[in-house]
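Input: a single structure, listed below in structure tokens.
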Amino acid sequence: MFRQFHIEDTEAVVAIFRSNIPKYFLETEETELREFLAGGVENYYVLELDGEVVGAGGIALNADDTVSLCWGMVHNDHLGTGLGKLLTEHRLDRSQELFAGKPIVTSTSQHTEGFYKKFGFVTLERTPDGFGPGIDICRMRKEIGG
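Be aware that the sequence shown starts at 1365, since it is given in this note's numbering, and climbs by one per residue.
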């Protein structure tokens, strides 16, 4: 179901991204996504269902010793089916396998803020319209361990 992203998956991931415009992403972010995918991403994964890539997301170690959840998305046709939860659990599990004990951070929108709160993330900062009109930046963090 999950596997490492390959460069050949780029158009499938971009199609997932486009399916989530304008609520979750802005069209102008596509260039940034393409640059990210072309940059030899190491810990980026795709979620396949019946041979079709329907979700993608990754993790990255930051200079401040936190782990970011990056470019996580599920095709709009599959929202609300539990695939987003599976994708997030996979990324949280991988972050602990690779970077055990490090806090996890994400910058998401108000539309998915509640989703991440279910996983124990806490909102640290909110920037209204930070990503663009109608899409706030919600900086969130999850502490690991005790």
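Note that the Cβ used here is the ideal one computed from N, Cα and C, for glycine as well.
Straight-line Cα distance separating residue j from residue i
i, j, result
"histidine 1370", "lysine 1387", "27 Å"
"glutamate 1393", "phenylalanine 1366", "24 Å"
"alanine 1424", "leucine 1390", "22 Å"
"leucine 1443", "glutamate 1375", "19 Å"
"asparagine 1384", "glycine 1478", "17 Å"
"glutamate 1489", "tyrosine 1480", "14 Å"
"leucine 1413", "threonine 1476", "22 Å"
"methionine 1437", "arginine 1382", "10 Å"
"glycine 1446", "glycine 1415", "18 Å"
"glycine 1495", "leucine 1401", "A small correction: the amino acid at residue 1495 is phenylalanine; glycine does not occupy that position in the sequence shown. Cα-Cα distance, rounded: 20 Å."
"glycine 1509", "arginine 1398", "34 Å"
"glutamate 1396", "glycine 1403", "11 Å"
"aspartate 1428", "aspartate 1441", "36 Å"
"glutamate 1406", "aspartate 1493", "30 Å"
"valine 1378", "glutamine 1368", "16 Å"
"threonine 1487", "glutamate 1507", "12 Å"
"serine 1305", "asparagine 1426", "No statement about residue 1305 is possible, as the shown extent of the chain runs from 1365 to 1510 and does not include it."
Cβ pair residue i, residue j closer than 8 Å
i, j, result
"lysine 1466", "threonine 1430", "yes"
"histidine 1439", "tyrosine 1409", "no"
"glycine 1448", "cysteine 1434", "no"
"serine 1471", "arginine 1503", "yes"
"leucine 1456", "leucine 1411", "no"
"aspartate 1373", "valine 1417", "yes"
"phenylalanine 1483", "arginine 1505", "no"
Assumed close pair residue i, residue j - CB separation to whole angstroms, cut-off 8 Å
i, j, result
"isoleucine 1380", "alanine 1420", "6 Å"
Quiz item: With a cut-off of 8 Å, do at least 3 Cβ pairs link the segment 1494-1502 to the segment 1444-1463?
Solution: Contact between the segment 1494-1502 and the segment 1444-1463 is absent, because fewer than three Cβ pairs lie under 8 Å.
Quiz prompt | Contained beta strand (DSSP E) runs [length at least 3] in the segment 1436-1473, N- to C-terminal order | solution = 1468-1472, all fully within the segment 1436-1473.
Quiz item: Where are the alpha helix (DSSP H) runs, 4 residues long or more, that stay fully inside the segment 1374-1431, in chain order?
Solution: Runs of the alpha helix (DSSP H) inside the segment 1374-1431: 1374-1383 and 1394-1402.
Quiz item: Curious, which full-length beta strand (DSSP E) runs of at least 3 residues does the segment 1468-1510 contain?
Solution: As summarised for the segment 1468-1510, the continuous beta strand (DSSP E) elements at least 3 residues long and confined to that stretch are 1468-1472, 1486-1496 and 1499-1506, given in chain order.
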